[in-house]
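For reference, the structure discussed in these notes is given below.
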Amino acid sequence: MKKSTIWILGVVMGLSFISLLYLQISYIEEMVKMRNEQFDESVKRALMAASKDVESAEVDRWLREDISEAEKRAWEQSSQGKGVVQTQRFTVTAPDGTKYSAIELKTFSNEASELPRAMISRKHGTKTIPQTSRSLADAIKNRYLYQRALLDEVAWQMIYRASDKAIEERVNFKNLDQYLKSGLIDNGIELNYHFKVIDRDGREVYRCSDYSDEGSESSYSQPLFLNDPPARMSIVKIHFPGKQDYIFDSVSFMIPSMIFTFVLLITFIFTIYIVFRQKKLTEMKNDFINNMTHEFKTPISTISLAAQMLKDPAVGKSPAMFQHISGVINDETKRLRFQVEKVLQMSMFDRQKATLKMKELDANELITGVVNTFALKVERYNGKIESELKATDPIIFADEMHITNVIFNLMDNAVKYKRPDVDLQLMVKTWNEPGKLMISVQDNGIGIKKENLKKIFDKFYRVHTGNLHDVKGFGLGLAYVRKIIQDHKGTIRAESELNVGTKFIIALPLLKN
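Following this note's numbering, the numbering of the sequence shown begins with 52 at its first residue and continues without gaps.
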(Lines of atoms letter the chains of each structure in order from A and count residues from 1; the text may use other names and numbers.)
(Lines give C-alpha, C1' and ligand atoms only; values in the text may rest on other atoms or scores of the structure.)
Protein backbone atom coordinates (compact mmCIF):
# COMPACT_ATOMS: atom_id res chain seq x y z
CA MET A 1 0.00 0.00 0.00
CA LYS A 2 1.29 3.42 -0.91
CA LYS A 3 2.23 5.80 1.86
CA SER A 4 -0.14 8.45 0.44
CA THR A 5 -3.04 5.99 0.67
CA ILE A 6 -2.21 5.24 4.29
CA TRP A 7 -2.07 8.96 5.03
CA ILE A 8 -5.46 9.59 3.40
CA LEU A 9 -7.10 6.70 5.28
CA GLY A 10 -5.46 7.78 8.51
CA VAL A 11 -6.56 11.41 8.16
CA VAL A 12 -10.15 10.47 7.23
CA MET A 13 -10.54 7.97 10.08
CA GLY A 14 -8.78 10.28 12.52
CA LEU A 15 -11.09 13.18 11.64
CA SER A 16 -14.08 10.85 11.93
CA PHE A 17 -13.09 9.73 15.43
CA ILE A 18 -12.32 13.29 16.51
CA SER A 19 -15.66 14.52 15.12
CA LEU A 20 -17.51 11.71 16.92
CA LEU A 21 -15.73 12.54 20.16
CA TYR A 22 -16.52 16.24 19.69
CA LEU A 23 -20.21 15.49 19.07
CA GLN A 24 -20.38 13.34 22.20
CA ILE A 25 -18.74 16.04 24.30
CA SER A 26 -21.08 18.67 22.83
CA TYR A 27 -24.08 16.45 23.54
CA ILE A 28 -22.99 15.96 27.14
CA GLU A 29 -22.49 19.72 27.55
CA GLU A 30 -25.99 20.36 26.18
CA MET A 31 -27.44 17.73 28.50
CA VAL A 32 -25.67 19.27 31.48
CA LYS A 33 -26.98 22.69 30.48
CA MET A 34 -30.52 21.32 30.09
CA ARG A 35 -30.33 19.50 33.45
CA ASN A 36 -29.16 22.70 35.11
CA GLU A 37 -32.07 24.64 33.63
CA GLN A 38 -34.54 21.94 34.70
CA PHE A 39 -33.05 21.93 38.18
CA ASP A 40 -33.29 25.74 38.41
CA GLU A 41 -36.93 25.72 37.32
CA SER A 42 -37.81 22.97 39.79
CA VAL A 43 -36.15 24.86 42.65
CA LYS A 44 -37.95 28.08 41.69
CA ARG A 45 -41.31 26.29 41.68
CA ALA A 46 -40.52 24.74 45.06
CA LEU A 47 -39.55 28.13 46.52
CA MET A 48 -42.71 29.74 45.14
CA ALA A 49 -44.82 26.99 46.70
CA ALA A 50 -43.04 27.43 50.03
CA SER A 51 -43.62 31.20 49.87
CA LYS A 52 -47.33 30.67 49.27
CA ASP A 53 -47.48 28.22 52.18
CA VAL A 54 -45.85 30.80 54.46
CA GLU A 55 -48.33 33.49 53.36
CA SER A 56 -51.27 31.10 53.80
CA ALA A 57 -50.11 30.28 57.31
CA GLU A 58 -49.94 33.98 58.16
CA VAL A 59 -53.42 34.66 56.72
CA ASP A 60 -54.83 31.74 58.69
CA ARG A 61 -53.28 33.05 61.89
CA TRP A 62 -54.64 36.57 61.30
CA LEU A 63 -58.12 35.26 60.60
CA ARG A 64 -58.20 33.20 63.76
CA GLU A 65 -56.87 35.98 65.94
CA ASP A 66 -58.44 39.12 64.46
CA ILE A 67 -61.98 37.84 63.70
CA SER A 68 -62.36 36.62 67.26
CA GLU A 69 -61.12 39.97 68.49
CA ALA A 70 -63.51 41.85 66.17
CA GLU A 71 -66.51 39.80 67.28
CA LYS A 72 -65.63 40.38 70.88
CA ARG A 73 -65.30 44.09 70.23
CA ALA A 74 -68.71 44.18 68.53
CA TRP A 75 -70.39 42.48 71.47
CA GLU A 76 -68.75 44.89 73.88
CA GLN A 77 -69.91 47.88 71.85
CA SER A 78 -73.48 46.62 71.73
CA SER A 79 -73.58 45.92 75.44
CA GLN A 80 -72.28 49.41 76.19
CA GLY A 81 -74.94 51.05 74.04
CA LYS A 82 -72.53 52.03 71.31
CA GLY A 83 -74.62 50.18 68.74
CA VAL A 84 -78.26 50.26 67.65
CA VAL A 85 -80.31 47.19 68.47
CA GLN A 86 -83.51 46.49 66.57
CA THR A 87 -85.81 43.72 67.82
CA GLN A 88 -88.58 42.10 65.80
CA ARG A 89 -90.96 39.43 67.11
CA PHE A 90 -92.83 37.01 64.89
CA THR A 91 -95.81 34.88 65.99
CA VAL A 92 -97.01 32.15 63.69
CA THR A 93 -100.77 31.21 63.68
CA ALA A 94 -101.92 28.05 61.95
CA PRO A 95 -105.17 27.91 59.88
CA ASP A 96 -106.94 26.11 62.67
CA GLY A 97 -106.17 28.98 65.01
CA THR A 98 -103.32 27.33 66.86
CA LYS A 99 -100.50 29.71 67.81
CA TYR A 100 -96.88 28.58 67.67
CA SER A 101 -93.79 29.92 69.39
CA ALA A 102 -92.60 33.38 68.48
CA ILE A 103 -89.26 34.08 66.75
CA GLU A 104 -87.30 37.14 67.84
CA LEU A 105 -84.76 38.72 65.38
CA LYS A 106 -82.25 41.14 66.89
CA THR A 107 -80.15 43.29 64.51
CA PHE A 108 -77.11 45.18 65.82
CA SER A 109 -75.71 48.03 63.73
CA ASN A 110 -72.24 49.42 64.47
CA GLU A 111 -72.08 53.17 64.39
CA ALA A 112 -68.56 53.20 62.96
CA SER A 113 -69.08 50.84 60.07
CA GLU A 114 -72.88 50.98 59.76
CA LEU A 115 -72.77 47.25 58.96
CA PRO A 116 -75.60 45.21 60.52
CA ARG A 117 -75.07 42.20 62.66
CA ALA A 118 -77.99 39.82 63.10
CA MET A 119 -78.69 37.12 65.63
CA ILE A 120 -81.77 34.96 65.91
CA SER A 121 -83.29 33.83 69.18
CA ARG A 122 -86.27 31.54 69.47
CA LYS A 123 -88.76 31.02 72.25
CA HIS A 124 -89.86 27.47 72.21
CA GLY A 125 -93.48 26.51 72.20
CA THR A 126 -95.25 23.27 71.81
CA LYS A 127 -95.06 23.27 68.00
CA THR A 128 -92.85 25.07 65.37
CA ILE A 129 -93.60 25.53 61.67
CA PRO A 130 -90.88 27.10 59.34
CA GLN A 131 -92.99 29.98 58.06
CA THR A 132 -90.29 32.67 58.45
CA SER A 133 -87.83 31.72 55.66
CA ARG A 134 -87.75 35.21 54.22
CA SER A 135 -86.86 36.76 57.53
CA LEU A 136 -84.21 34.11 58.11
CA ALA A 137 -82.72 34.80 54.67
CA ASP A 138 -82.42 38.47 55.56
CA ALA A 139 -80.72 37.53 58.78
CA ILE A 140 -78.22 35.28 56.99
CA LYS A 141 -77.52 38.05 54.48
CA ASN A 142 -76.82 40.43 57.33
CA ARG A 143 -74.51 37.85 58.86
CA TYR A 144 -72.63 37.48 55.56
CA LEU A 145 -72.19 41.23 55.22
CA TYR A 146 -70.86 41.38 58.72
CA GLN A 147 -68.36 38.58 58.20
CA ARG A 148 -67.23 40.20 54.96
CA ALA A 149 -66.64 43.44 56.78
CA LEU A 150 -64.53 41.58 59.31
CA LEU A 151 -62.49 39.96 56.53
CA ASP A 152 -61.95 43.35 54.89
CA GLU A 153 -60.77 44.72 58.18
CA VAL A 154 -58.35 41.81 58.64
CA ALA A 155 -57.04 42.23 55.08
CA TRP A 156 -56.38 45.95 55.60
CA GLN A 157 -54.59 45.20 58.86
CA MET A 158 -52.44 42.57 57.15
CA ILE A 159 -51.51 44.96 54.37
CA TYR A 160 -50.59 47.89 56.57
CA ARG A 161 -49.47 46.24 59.78
CA ALA A 162 -48.03 42.80 58.98
CA SER A 163 -45.01 44.06 57.04
CA ASP A 164 -44.05 46.22 60.02
CA LYS A 165 -43.51 43.17 62.18
CA ALA A 166 -40.12 41.46 62.47
CA ILE A 167 -39.74 38.39 60.28
CA GLU A 168 -39.13 36.26 63.36
CA GLU A 169 -42.70 37.06 64.52
CA ARG A 170 -44.25 36.29 61.15
CA VAL A 171 -42.53 33.02 60.19
CA ASN A 172 -42.15 29.72 61.99
CA PHE A 173 -38.74 28.62 60.65
CA LYS A 174 -39.30 24.95 61.40
CA ASN A 175 -42.48 25.07 59.34
CA LEU A 176 -40.55 26.92 56.61
CA ASP A 177 -38.07 24.02 56.50
CA GLN A 178 -40.98 21.61 56.07
CA TYR A 179 -42.49 23.76 53.32
CA LEU A 180 -39.17 23.80 51.46
CA LYS A 181 -38.68 20.06 51.79
CA SER A 182 -42.23 19.32 50.66
CA GLY A 183 -41.95 21.68 47.68
CA LEU A 184 -38.64 20.17 46.54
CA ILE A 185 -39.93 16.61 46.81
CA ASP A 186 -43.07 17.55 44.86
CA ASN A 187 -40.78 18.86 42.09
CA GLY A 188 -38.61 15.74 41.98
CA ILE A 189 -35.61 17.03 43.97
CA GLU A 190 -34.49 14.90 46.89
CA LEU A 191 -31.18 16.53 47.78
CA ASN A 192 -29.72 17.85 50.99
CA TYR A 193 -30.04 21.62 51.12
CA HIS A 194 -29.04 24.51 53.36
CA PHE A 195 -31.06 27.68 53.75
CA LYS A 196 -31.00 30.96 55.60
CA VAL A 197 -33.43 33.87 56.01
CA ILE A 198 -32.44 37.49 55.37
CA ASP A 199 -34.62 40.28 56.75
CA ARG A 200 -35.50 43.57 55.06
CA ASP A 201 -32.35 45.21 56.47
CA GLY A 202 -30.09 42.56 54.93
CA ARG A 203 -29.38 40.88 58.26
CA GLU A 204 -29.25 37.12 58.55
CA VAL A 205 -31.92 36.22 61.10
CA TYR A 206 -31.92 32.45 60.73
CA ARG A 207 -29.90 29.61 59.23
CA CYS A 208 -30.54 25.87 59.36
CA SER A 209 -28.69 23.89 62.00
CA ASP A 210 -26.39 22.03 59.59
CA TYR A 211 -25.68 25.07 57.40
CA SER A 212 -22.43 25.22 55.41
CA ASP A 213 -21.18 27.51 52.64
CA GLU A 214 -20.34 24.65 50.28
CA GLY A 215 -22.14 25.30 47.01
CA SER A 216 -23.39 28.73 48.14
CA GLU A 217 -21.93 30.37 45.04
CA SER A 218 -24.97 29.07 43.15
CA SER A 219 -27.78 29.84 45.60
CA TYR A 220 -31.45 30.56 44.94
CA SER A 221 -33.47 33.41 46.49
CA GLN A 222 -37.20 33.88 47.00
CA PRO A 223 -39.20 36.63 48.81
CA LEU A 224 -41.18 35.11 51.65
CA PHE A 225 -44.10 37.56 51.33
CA LEU A 226 -44.72 38.70 47.78
CA ASN A 227 -47.29 41.33 48.83
CA ASP A 228 -44.90 43.18 51.12
CA PRO A 229 -43.57 46.52 49.86
CA PRO A 230 -40.23 46.04 48.04
CA ALA A 231 -38.35 47.93 50.73
CA ARG A 232 -39.68 45.60 53.45
CA MET A 233 -39.26 42.23 51.75
CA SER A 234 -37.54 39.38 53.56
CA ILE A 235 -36.00 36.60 51.50
CA VAL A 236 -34.99 32.98 51.93
CA LYS A 237 -31.75 31.78 50.32
CA ILE A 238 -31.20 28.10 49.59
CA HIS A 239 -28.30 26.19 48.06
CA PHE A 240 -27.45 22.55 47.37
CA PRO A 241 -23.93 21.24 48.21
CA GLY A 242 -24.50 18.12 46.08
CA LYS A 243 -25.91 19.88 43.04
CA GLN A 244 -22.93 19.23 40.74
CA ASP A 245 -22.85 15.54 41.65
CA TYR A 246 -26.60 15.35 41.07
CA ILE A 247 -26.25 16.93 37.60
CA PHE A 248 -23.26 14.73 36.77
CA ASP A 249 -25.11 11.57 37.82
CA SER A 250 -27.97 12.46 35.49
CA VAL A 251 -25.62 12.43 32.46
CA SER A 252 -23.09 9.85 33.64
CA PHE A 253 -24.56 7.20 31.37
CA MET A 254 -22.87 9.02 28.45
CA ILE A 255 -19.39 8.92 29.99
CA PRO A 256 -18.58 5.26 29.11
CA SER A 257 -19.37 5.81 25.44
CA MET A 258 -17.11 8.87 25.35
CA ILE A 259 -14.29 6.97 27.06
CA PHE A 260 -14.75 4.08 24.64
CA THR A 261 -14.53 6.47 21.67
CA PHE A 262 -11.41 8.06 23.13
CA VAL A 263 -9.80 4.63 23.60
CA LEU A 264 -10.64 3.78 19.99
CA LEU A 265 -9.04 7.03 18.86
CA ILE A 266 -5.84 6.31 20.81
CA THR A 267 -5.80 2.74 19.49
CA PHE A 268 -6.25 4.01 15.95
CA ILE A 269 -3.40 6.52 16.32
CA PHE A 270 -1.15 3.81 17.72
CA THR A 271 -2.15 1.47 14.87
CA ILE A 272 -1.27 4.11 12.27
CA TYR A 273 2.05 4.64 14.02
CA ILE A 274 2.76 0.89 13.90
CA VAL A 275 1.77 0.75 10.22
CA PHE A 276 4.17 3.55 9.31
CA ARG A 277 6.88 2.04 11.47
CA GLN A 278 6.48 -1.36 9.86
CA LYS A 279 6.38 0.19 6.41
CA LYS A 280 9.57 2.10 7.13
CA LEU A 281 11.20 -1.03 8.50
CA THR A 282 10.10 -3.01 5.45
CA GLU A 283 11.48 -0.37 3.11
CA MET A 284 14.70 -0.29 5.09
CA LYS A 285 15.03 -4.06 4.96
CA ASN A 286 14.40 -4.09 1.23
CA ASP A 287 17.05 -1.41 0.69
CA PHE A 288 19.34 -3.27 3.04
CA ILE A 289 18.92 -6.55 1.19
CA ASN A 290 19.53 -4.86 -2.16
CA ASN A 291 22.65 -3.15 -0.87
CA MET A 292 23.94 -6.19 0.98
CA THR A 293 23.61 -8.33 -2.14
CA HIS A 294 26.18 -6.12 -3.80
CA GLU A 295 28.24 -5.64 -0.65
CA PHE A 296 28.55 -9.39 -0.08
CA LYS A 297 29.29 -10.22 -3.70
CA THR A 298 32.23 -7.82 -3.97
CA PRO A 299 34.38 -9.15 -1.08
CA ILE A 300 33.44 -12.76 -1.85
CA SER A 301 34.55 -12.32 -5.46
CA THR A 302 37.78 -10.65 -4.37
CA ILE A 303 38.57 -13.38 -1.83
CA SER A 304 37.75 -16.07 -4.40
CA LEU A 305 40.10 -14.45 -6.92
CA ALA A 306 42.87 -14.13 -4.35
CA ALA A 307 42.48 -17.79 -3.38
CA GLN A 308 42.89 -18.82 -7.02
CA MET A 309 46.03 -16.66 -7.30
CA LEU A 310 47.52 -18.37 -4.25
CA LYS A 311 47.30 -21.65 -6.14
CA ASP A 312 49.71 -20.25 -8.73
CA PRO A 313 53.25 -21.59 -7.98
CA ALA A 314 54.74 -18.27 -9.08
CA VAL A 315 53.05 -16.50 -6.21
CA GLY A 316 54.73 -18.74 -3.69
CA LYS A 317 58.11 -17.80 -5.12
CA SER A 318 57.41 -14.06 -4.67
CA PRO A 319 57.12 -13.03 -1.00
CA ALA A 320 55.96 -9.54 -1.97
CA MET A 321 53.14 -10.89 -4.14
CA PHE A 322 52.14 -13.36 -1.43
CA GLN A 323 52.04 -10.61 1.18
CA HIS A 324 49.96 -8.38 -1.09
CA ILE A 325 47.41 -11.13 -1.78
CA SER A 326 47.27 -11.97 1.93
CA GLY A 327 46.60 -8.31 2.72
CA VAL A 328 43.79 -8.21 0.16
CA ILE A 329 42.20 -11.31 1.66
CA ASN A 330 42.52 -9.81 5.14
CA ASP A 331 40.95 -6.49 4.11
CA GLU A 332 38.08 -8.14 2.29
CA THR A 333 37.49 -10.46 5.22
CA LYS A 334 37.19 -7.46 7.53
CA ARG A 335 34.85 -5.81 5.05
CA LEU A 336 32.73 -8.95 4.93
CA ARG A 337 32.68 -9.12 8.71
CA PHE A 338 31.49 -5.53 8.88
CA GLN A 339 28.59 -6.33 6.55
CA VAL A 340 27.69 -9.35 8.70
CA GLU A 341 27.62 -7.06 11.73
CA LYS A 342 25.15 -4.83 9.93
CA VAL A 343 22.90 -7.83 9.34
CA LEU A 344 23.26 -8.68 13.03
CA GLN A 345 22.27 -5.17 14.04
CA MET A 346 19.23 -5.37 11.79
CA SER A 347 18.09 -8.65 13.34
CA MET A 348 18.56 -7.27 16.85
CA PHE A 349 15.49 -5.06 16.50
CA ASP A 350 13.21 -7.94 15.55
CA ARG A 351 13.67 -9.31 19.07
CA GLN A 352 12.80 -7.73 22.38
CA LYS A 353 16.03 -8.87 23.99
CA ALA A 354 19.33 -9.91 22.49
CA THR A 355 20.66 -13.41 23.06
CA LEU A 356 23.92 -12.73 24.87
CA LYS A 357 26.75 -15.17 25.42
CA MET A 358 28.09 -13.76 28.64
CA LYS A 359 31.57 -14.50 29.87
CA GLU A 360 34.41 -12.92 31.81
CA LEU A 361 36.23 -10.30 29.72
CA ASP A 362 39.19 -7.99 30.13
CA ALA A 363 37.88 -4.75 28.63
CA ASN A 364 41.39 -3.29 28.20
CA GLU A 365 42.48 -6.23 26.07
CA LEU A 366 39.26 -6.19 24.04
CA ILE A 367 39.58 -2.45 23.31
CA THR A 368 43.26 -2.84 22.39
CA GLY A 369 42.32 -5.41 19.76
CA VAL A 370 39.58 -3.19 18.31
CA VAL A 371 41.91 -0.17 18.21
CA ASN A 372 44.64 -2.12 16.41
CA THR A 373 42.13 -3.42 13.84
CA PHE A 374 40.60 0.01 13.29
CA ALA A 375 43.92 1.86 13.09
CA LEU A 376 44.36 1.10 9.37
CA LYS A 377 40.99 2.67 8.54
CA VAL A 378 41.80 5.80 10.56
CA GLU A 379 45.23 6.15 8.96
CA ARG A 380 43.60 5.92 5.52
CA TYR A 381 42.07 9.35 6.28
CA ASN A 382 45.36 10.72 7.63
CA GLY A 383 43.92 10.36 11.10
CA LYS A 384 45.33 9.18 14.39
CA ILE A 385 43.85 6.89 17.03
CA GLU A 386 45.13 6.76 20.60
CA SER A 387 44.15 4.85 23.72
CA GLU A 388 44.56 5.52 27.44
CA LEU A 389 43.54 2.36 29.23
CA LYS A 390 43.88 3.38 32.89
CA ALA A 391 41.25 1.08 34.36
CA THR A 392 42.92 -0.90 37.16
CA ASP A 393 39.97 -3.32 37.32
CA PRO A 394 38.87 -3.92 33.69
CA ILE A 395 37.12 -7.28 34.25
CA ILE A 396 33.47 -7.32 33.17
CA PHE A 397 30.83 -9.98 32.51
CA ALA A 398 29.76 -9.40 28.91
CA ASP A 399 29.20 -10.74 25.41
CA GLU A 400 32.49 -10.34 23.57
CA MET A 401 31.05 -10.02 20.07
CA HIS A 402 28.42 -7.41 20.96
CA ILE A 403 30.75 -5.29 23.11
CA THR A 404 33.31 -5.38 20.28
CA ASN A 405 30.60 -4.20 17.87
CA VAL A 406 29.66 -1.38 20.26
CA ILE A 407 33.23 -0.02 20.33
CA PHE A 408 33.59 -0.54 16.59
CA ASN A 409 30.32 1.34 15.86
CA LEU A 410 31.37 4.34 17.94
CA MET A 411 34.74 4.49 16.16
CA ASP A 412 33.09 4.05 12.76
CA ASN A 413 30.76 6.98 13.51
CA ALA A 414 33.82 9.11 14.28
CA VAL A 415 35.17 8.32 10.80
CA LYS A 416 31.81 8.93 9.09
CA TYR A 417 31.22 12.31 10.71
CA LYS A 418 34.75 13.71 10.64
CA ARG A 419 35.41 17.23 9.43
CA PRO A 420 36.76 17.12 5.86
CA ASP A 421 39.27 19.93 6.45
CA VAL A 422 40.64 18.58 9.75
CA ASP A 423 42.63 15.41 10.36
CA LEU A 424 40.73 12.90 12.46
CA GLN A 425 41.80 12.56 16.10
CA LEU A 426 40.27 9.60 17.92
CA MET A 427 40.81 8.88 21.62
CA VAL A 428 39.65 5.80 23.54
CA LYS A 429 39.93 5.74 27.35
CA THR A 430 39.08 3.44 30.22
CA TRP A 431 39.02 4.17 33.95
CA ASN A 432 37.27 3.01 37.08
CA GLU A 433 34.55 4.53 39.19
CA PRO A 434 33.05 2.86 42.27
CA GLY A 435 31.64 -0.46 41.06
CA LYS A 436 31.90 0.55 37.39
CA LEU A 437 34.13 0.36 34.37
CA MET A 438 34.05 3.58 32.36
CA ILE A 439 34.79 3.66 28.61
CA SER A 440 34.90 6.81 26.47
CA VAL A 441 35.29 7.28 22.72
CA GLN A 442 36.05 10.88 21.72
CA ASP A 443 36.58 12.47 18.30
CA ASN A 444 37.11 15.91 16.79
CA GLY A 445 34.38 15.61 14.16
CA ILE A 446 31.51 17.86 13.13
CA GLY A 447 29.71 17.50 16.47
CA ILE A 448 25.99 17.36 17.17
CA LYS A 449 23.53 20.17 17.90
CA LYS A 450 21.95 20.22 21.34
CA GLU A 451 18.44 19.75 19.96
CA ASN A 452 19.60 16.56 18.20
CA LEU A 453 21.67 15.16 21.05
CA LYS A 454 18.69 13.66 22.91
CA LYS A 455 17.48 11.81 19.80
CA ILE A 456 20.66 10.21 18.50
CA PHE A 457 19.95 6.91 20.30
CA ASP A 458 16.45 6.61 18.79
CA LYS A 459 15.91 3.92 16.20
CA PHE A 460 15.96 5.15 12.57
CA TYR A 461 17.02 8.64 13.66
CA ARG A 462 19.82 10.20 11.63
CA VAL A 463 21.39 13.58 12.31
CA HIS A 464 21.26 15.97 9.36
CA THR A 465 24.83 16.25 8.05
CA GLY A 466 24.51 19.37 5.91
CA ASN A 467 26.79 19.15 2.88
CA LEU A 468 28.04 15.65 3.74
CA HIS A 469 26.31 13.38 1.21
CA ASP A 470 28.62 10.38 1.53
CA VAL A 471 27.36 9.26 4.93
CA LYS A 472 25.31 6.10 4.45
CA GLY A 473 23.32 4.17 7.02
CA PHE A 474 19.92 3.32 8.39
CA GLY A 475 19.88 5.07 11.75
CA LEU A 476 20.42 1.83 13.67
CA GLY A 477 24.04 2.07 14.79
CA LEU A 478 23.62 4.11 17.99
CA ALA A 479 20.25 2.50 18.74
CA TYR A 480 22.02 -0.86 18.61
CA VAL A 481 24.78 0.48 20.88
CA ARG A 482 22.30 1.67 23.51
CA LYS A 483 20.34 -1.60 23.39
CA ILE A 484 23.45 -3.72 23.94
CA ILE A 485 24.69 -1.51 26.78
CA GLN A 486 21.28 -1.60 28.48
CA ASP A 487 21.13 -5.40 28.10
CA HIS A 488 24.45 -5.44 29.98
CA LYS A 489 22.89 -3.34 32.80
CA GLY A 490 24.98 -0.36 31.78
CA THR A 491 24.39 3.22 30.65
CA ILE A 492 25.59 5.39 27.79
CA ARG A 493 25.46 9.14 27.28
CA ALA A 494 26.80 11.61 24.74
CA GLU A 495 28.51 14.98 25.09
CA SER A 496 28.98 17.09 21.99
CA GLU A 497 29.76 20.57 20.76
CA LEU A 498 29.11 21.64 17.20
CA ASN A 499 32.31 21.82 15.06
CA VAL A 500 34.38 20.66 18.04
CA GLY A 501 33.62 16.97 18.45
CA THR A 502 31.63 14.30 20.24
CA LYS A 503 32.33 12.14 23.26
CA PHE A 504 30.46 8.92 24.14
CA ILE A 505 30.75 7.69 27.73
CA ILE A 506 29.81 4.11 28.66
CA ALA A 507 29.41 2.75 32.19
CA LEU A 508 29.38 -1.04 32.73
CA PRO A 509 29.14 -2.94 36.03
CA LEU A 510 32.31 -4.72 37.12
CA LEU A 511 32.37 -8.49 37.38
CA LYS A 512 32.58 -8.39 41.17
CA ASN A 513 29.30 -6.45 41.28
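Just so you know, even glycine gets a beta-carbon here, dropped at the ideal spot from N, CA and C.
Asked, Found
"With 16 other Cβ atoms within 10 Å as the buried cut-off, status of residue 74", "exposed"
"Residues of its chain near residue 71, where Cβ-Cβ distance is below 7 Å and the 5 sequence neighbours each way are ignored", "312"
"Start-end ranges of the beta strand (DSSP E) lying completely within the region 349 to 427, minimum 3 residues", "409 to 413"
"Cα-Cα separation between residue 300 and residue 111, rounded to whole angstroms", "42 Å"
"Straight-line Cα distance separating residue 199 from residue 240", "41 Å"
"Neighbour-count burial assignment, residue 321, 16 or more Cβ in a 10 Å radius", "exposed"
"Residue 567 burial status per 10 Å Cβ neighbour count (16 or more: buried)", "The question about residue 567 has no answer, for the chain in this structure spans 52 to 564."
"Segment contact flag, the region 240 to 257 with the region 287 to 301, C-beta cutoff 8 Å, min 3 pairs", "yes"
"Under the three-state DSSP convention, the category residue 442 falls into", "coil"
"One or two residues paired with residue 257 in a DSSP bridge", "248"
"Member of 509, 461, 471 whose CA lies at the smallest distance from the CA of residue 554", "461"
"Extent of the continuous beta strand (DSSP E) to which residue 552 belongs", "552 to 560"
"Sequence-distant residues of its chain with Cβ nearer than 6 Å to residue 568 (five each side left out)", "Nothing in the structure corresponds to residue 568, since the chain is present only between 52 and 564."
"Three-way DSSP call (helix, strand, coil) for residue 488 in this model", "strand"
"CA nearest to the CA of residue 293, picked from 282, 263, 283", "263"
"Short Cβ contact (7 Å threshold) for residue 496 with residue 469", "yes"
"Burial state of residue 531, where buried means 16 or more other Cβ atoms lie within 10 Å", "buried"
"Cβ-based neighbour list, residue 316, same chain, cut-off 8 Å, excluding 5 preceding and 5 following", "65, 68, 69, 72"
"At least 3 beta-carbon pairs within less than 8 Å: the region 486 to 502 vs the region 422 to 433", "no"
"According to DSSP, residues forming a beta bridge with residue 274", "286"
"Residue 303, enclosing alpha helix (DSSP H) - first and last residue", "From DSSP, residue 303 is part of no alpha helix (DSSP H); its letter is neither H nor E."
"Selected residue, minimal CA-CA separation from residue 60, among 326, 415, 547", "326"
"From 380, 386, 79, residue whose alpha carbon lies closest to that of residue 309", "79"
"6 Å Cβ shell around residue 528 - same chain, five flanking residues per side excluded", "460"
"Cβ distance (whole Å) where residue 562 is taken to contact residue 446 below 8 Å", "4 Å"
"Those residues which DSSP pairs with residue 229 across a bridge", "Per DSSP, none; premise fails for residue 229."
"Between the CA atoms of residue 340 and residue 456 - distance to the nearest angstrom", "20 Å"
"Burial state of residue 383, where buried means 16 or more other Cβ atoms lie within 10 Å", "buried"
"Under the three-state DSSP convention, the category residue 470 falls into", "coil"
"Three-way DSSP call (helix, strand, coil) for residue 519 in this model", "Because the pLDDT at residue 519 is just 43, under 50, the model does not fix this residue reliably, and the point stays unresolved."
"Cα-Cα separation between residue 58 and residue 331, rounded to whole angstroms", "14 Å"
"Cβ shell of residue 565 (< 8 Å), same chain only, five flanking positions each side left out", "There is no way to answer for residue 565, as the model of the chain reaches only from 52 to 564."
"Terminal residues of the alpha helix (DSSP H) in which residue 502 lies", "501 to 504"
"Closest residue to residue 250 among 493, 274, 543 (Cα-Cα distance)", "274"
"Beta carbon of residue 31 nearer than 7 Å to that of residue 224", "Outside the modelled stretch of the chain, which goes from 52 to 564, sits residue 31, for which no answer is possible."
"Residue 362 versus residue 355: straight-line alpha-carbon distance, rounded", "11 Å"
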